[in-house]
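K.L.:
First the structure, which I've put down as structure tokens, then a few questions once you've had a look.
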Amino acid sequence: MSIQHINNCCGCVRLKAGVLILSILWLIEGLLYSVTSILSLISRDYIDFTDMPDSFHHNRSFFILPAVVYVLITIGAVFGLIAVTRVSIQWLPKYSKVAYGIAGAEVVVHVYLIILTIVQKTSIIEECENYIKATNPQFGYACNQGYNYGLTFSIAYAVVVILLSMYFALVVSAYSYKAREETEVVETKEQAE
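Going by this note's numbering, the residue at position 140 of the sequence shown is 126; the numbering climbs one at a time, nothing skipped.
Okay, here's the thing in structure tokens:
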């Protein structure tokens, strides 16, 4: 799909409004994951809503890269909001590059987390079994099953997020291209008069 053929976002929203919405979504995602990752890094007792085993809470490697990446995504989204609301033609091509950077960052962080989850499978399952044996020993088998479900969900979630981020980057590029094209047409008409 060529960016020249993208005329609206998600099939029904004008490009400018779509880019504004996408930027807000990236901002929300960036803020949410930044805060969660940073809180997990600074507090051993951070309460996670998913009630994961301690290996996730105490293993800082699960949170360092995502914290950095999502802070950068937040900054990129703020830049995008400024670029779109100011309607500065000079800023839009830069935001287009930032959008591709955000999509690339999503790929990096999700692949990293999946690889880390696979590499640390043994410790994750051991932590889970220790936790379950202390509370309810008859359900020790559930840890392996839970790990497999969790990994499958993580992969599916990563695929969806990565594909959406790539599409969002294409929409931002299309908006940048169309805005630049419209500006050139207006300037050409003004020069002809």
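Ideal placement from N, C-alpha and C gives every residue a C-beta, glycine not left out.
Note that the structure is predicted; figures quoted are calculated from it, not measured.
Could you check if A155 is buried or exposed, using at least 16 other CB atoms within 10 Å of its CB as the buried criterion?
P.N.:
buried
K.L.:
Report buried or exposed for V55, applying the criterion of at least 16 other Cβ atoms within 10 angstroms of its Cβ.
P.N.:
By the neighbour-count rule (16 or more Cβ atoms within 10 Å), V55 is buried.
K.L.:
DSSP on C129, reduced to helix/strand/coil?
P.N.:
helix
K.L.:
Suppose contacts are defined by Cβ-Cβ distances below 8 Å. Is L6 in contact with V158 by that definition?
P.N.:
Contact flag unset, no.
K.L.:
Output yes or no for whether 8 Å exceeds the beta carbon distance between A165 and L78.
P.N.:
L78 sits close to A165, with the two beta carbons spaced by under 8 Å.
K.L.:
Can you grab the Cα-Cα spacing for the pair R46 / I101, in whole Å?
P.N.:
Each residue's Cα considered, the two are about 15 Å apart.
K.L.:
Could you tell me which residues DSSP pairs with V(-1) in its beta bridges?
P.N.:
C(-5)
K.L.:
Count the C-beta pairs between the stretch 55 to 69 and the stretch 12 to 29 that are closer than 8 Å, then say yes if the count reaches three, no if not.
P.N.:
yes
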